[in-house]
Amino acid sequence: MFDRFPALSTERLQLREVTLEDMEAAAELYGNSVMMKTRQGPEKHLDIQASKDSRRTAVPERETAAHRIQEWFMTPYQEQRGIRFGIYLKHSNRLIGSCGFYRWNKAHYKAELVFDLHSEYRKRGLLKEALNALIAFGFDSMKLNRIEARIEGGNQPAQRTLLSLGFRHEGIERESEFEDGKFIDIACFSLLKGDGPPPVHLVK
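For any residue, its number in our numbering is found by taking its place in the sequence shown, counting from 1, and adding 33.
As structure tokens, then:
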């Protein structure tokens, strides 16, 4: 895929490899139940329940974080099925989210976009900043022609983010997944390399 895991840089962010050294930060990040929900590949939610007050759960949390880092970040890259970057603040080097591509189909030049962001850092334009860099990387370095995204039907903030980046809404997979005791719709989006910049009225 690449000689080494790439790193991307924006004005406020660094997108780079997540390693086992990030276990504590990952446990804190993905233990936040109000984090933005998005497609996460084979499993869209981590089952980490971070607790700063309980020493009893410290070891299981660390083990779970290590397992998920391997499953989400390291294995897809090693198996050349995708690539997922940690999103870090430049000034503090703090892990605040992640973004990347799953289901990389090299024969058809396409992949599925996944992303998440800690709730504390929403509404600052950080996610859009990270995704702009990631999309450019996908088209230029991964030679993608099509980027797909699947978002829960009720997740309007994520859908607005995609539209502001130029993605087009292709339709709804009705009651496509079962979650919390009910069937939910999945909204499907895509962006093609030849689509050009998003319409001005969608950019916020």
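Just so it is clear, CB atoms sit at the ideal spot from N, CA and C, and this is done for glycine as well.
(request) Measuring alpha carbon to alpha carbon, tell me which of Gln189, Glu212, Asp213, Glu203 ends up nearest Cys221. (result) Nearest neighbour of Cys221 by Cα position, chosen from Gln189, Glu212, Asp213, Glu203, turns out to be Glu203.
(request) Would you kindly check if the distance between the Cβ of Phe106 and the Cβ of Val51 is under 7 Å? (result) Yes, Cβ-Cβ distance for Val51 and Phe106 is below 7 Å.
(message) Taking the alpha carbon of Ser223 as the reference point, which residue from Val147, Thr43, Asp36 has its own alpha carbon closest?
(response) It is Val147 whose Cα lies nearest to the Cα of Ser223.
(request) Look at the alpha carbon of Glu54 and the alpha carbon of Gly171, and state the distance between them as a whole number of angstroms. (result) Taking the straight line joining both Cα atoms gives about 26 Å.
(message) Here's the rule: buried if 16 or more other CB atoms are within 10 angstroms of the residue's CB, otherwise exposed. What is Asp36?
(response) Under this definition Asp36 is an exposed residue.
(request) Buried or exposed for Ile129, please, with buried defined as at least 16 other CB atoms from any protein chain shown within 10 angstroms of its CB. (result) Buried, by the Cβ-count rule.
(message) Counting C-beta neighbours from all protein chains within 10 Å, is the total for Phe211 16 or more, i.e. buried, or is it exposed?
(response) Around the CB of Phe211, fewer than 16 other CB atoms lie within 10 Å, so the residue is classed as exposed.
(message) Using the Cβ count rule (16 or more neighbours within 10 Å means buried), how would you classify His124?
(response) The residue is exposed, with fewer than 16 neighbouring Cβ atoms inside 10 Å.
(message) Would Ile217 and Glu206 qualify as a contact pair, given that the criterion is a beta-carbon distance under 7 Å?
(response) It is not a contact, given that the beta carbons lie outside the stated cut-off.
(message) Assuming Ala40 is part of the beta strand (DSSP E), what are its boundary residues?
(response) Here Ala40 belongs to no beta strand (DSSP E), and DSSP marks it neither H nor E.
(message) According to DSSP, is Tyr63 part of a helix, a strand, or is it coil?
(response) The answer is helix: DSSP assigns Tyr63 an H, G or I state.
(message) Within the continuous alpha helix (DSSP H) that includes Asn165, where are the two ends?
(response) 159–173 is the extent of the alpha helix (DSSP H) around Asn165.
(message) Let's see if you can read the secondary structure: which residues bound the beta strand (DSSP E) around Leu195?
(response) First-last for Leu195: 189–197, but that is the alpha helix (DSSP H), not the beta strand (DSSP E).
(message) I need the straight-line Cα distance from Thr71 to Arg193, nearest angstrom please.
(response) Caution is warranted here: a pLDDT of 44 is assigned to Thr71, below 50, making its placement in the model unreliable, and the coordinate value is therefore given only provisionally. Those two C-alpha atoms are separated by around 13 Å.
(request) Can you grab the Cα-Cα spacing for the pair Tyr110 / Asp213, in whole Å? (result) Distance between the alpha carbons of Tyr110 and Asp213: 31 Å.
(request) Could you pull the start and end residues of the alpha helix (DSSP H) that Gln113 belongs to? (result) Taken as a continuous stretch (DSSP letters only), Gln113 belongs to no alpha helix (DSSP H), as it is neither H nor E.
(request) Look at the alpha carbon of Gln47 and the alpha carbon of His151, and state the distance between them as a whole number of angstroms. (result) Their Cα atoms are separated by approximately 15 Å.
(request) Quick one: grab the DSSP three-state call for Tyr121. (result) Note: Tyr121 maps to strand in three-state DSSP.
(request) Please report how far the alpha carbon of Leu41 lies from the alpha carbon of Lys215, in whole angstroms. (result) In this structure, the CA atom of Leu41 is about 39 Å from the CA atom of Lys215.
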